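For this note's numbering, add 11 to where a residue sits in the sequence shown, where the first one is 1. Glycine included, C-beta positions come from ideal geometry on N, C-alpha and C. Just so it is clear, the structure is predicted and the values come from calculations on it, not from any experiment.
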Amino acid sequence: MSQDVESVASIRARAEQRLDRHQRMMEVLTTALGRPRTVYVTMSIVVGWVAFNLVTPKLFGWQRIDSPPFFGLQGMVSLSALLMTTLVLITANRQTRNAEERSHLDLQVNLLAERKVAKLIALVEELRRDLPMVRDRIDREADSMQQAVDPAAMLAALERASETEPPDK
């Protein structure tokens, strides 16, 4: 069990090692932006910007940096949204690649396990036929389970099934 945990941990560690400095920085930024405090900081900045531009000219006689309707603020918010969206997409793309790799590994492990189970069924059936004290009978289900799944045939069947299904609305 601990060997399995170590194997999974090493897979994750290898994926992290493949990250370059820029990708790591994007991950850190995306993680920071994905926290609730980002909402509070953003709201504080917006409220502070509006308050500064509305209150300081009246109190101190200073000139406004950004007059209503706050085009400067709108530009900064738009740029921030663009950058955040790009960061999220970069991180999502990497996570998708990692998920595809794990999915491929899962498929390989499942196919290997399926072949092993088919071999075990074949051995048990052979043992059952060879034991004189066990009544020999035909077990069609066991016979079919002895055959390992052909991945190419399974893929073709899945593709045919998806072609016959009506598209989602």
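Following the DSSP letters along the chain, one finds Leu166 inside the alpha helix (DSSP H) bounded by residues Pro162 to Thr175. Each of Gln74, Ala168, Arg146 and Pro162 was checked against the Cα of Glu125, and the nearest Cα belongs to Pro162. Contact check for Val99 against Thr175 fails: the beta carbons are separated by 8 Å or more. Cβ contact annotation for Glu27 (same chain, cutoff 6 Å, sequence separation greater than five): none. For the segment 30 to 56, there is no continuous beta strand (DSSP E) assignment of 3+ residues that stays within its boundaries. Note that the C-beta distance between Ala129 and Met95 is not below 8 Å. Pairwise C-beta distances place the segment 78 to 86 in contact with the segment 55 to 65, as three or more of them are shorter than 8 Å. The continuous stretches of alpha helix (DSSP H) do not include Gly72, and DSSP gives it neither H nor E.
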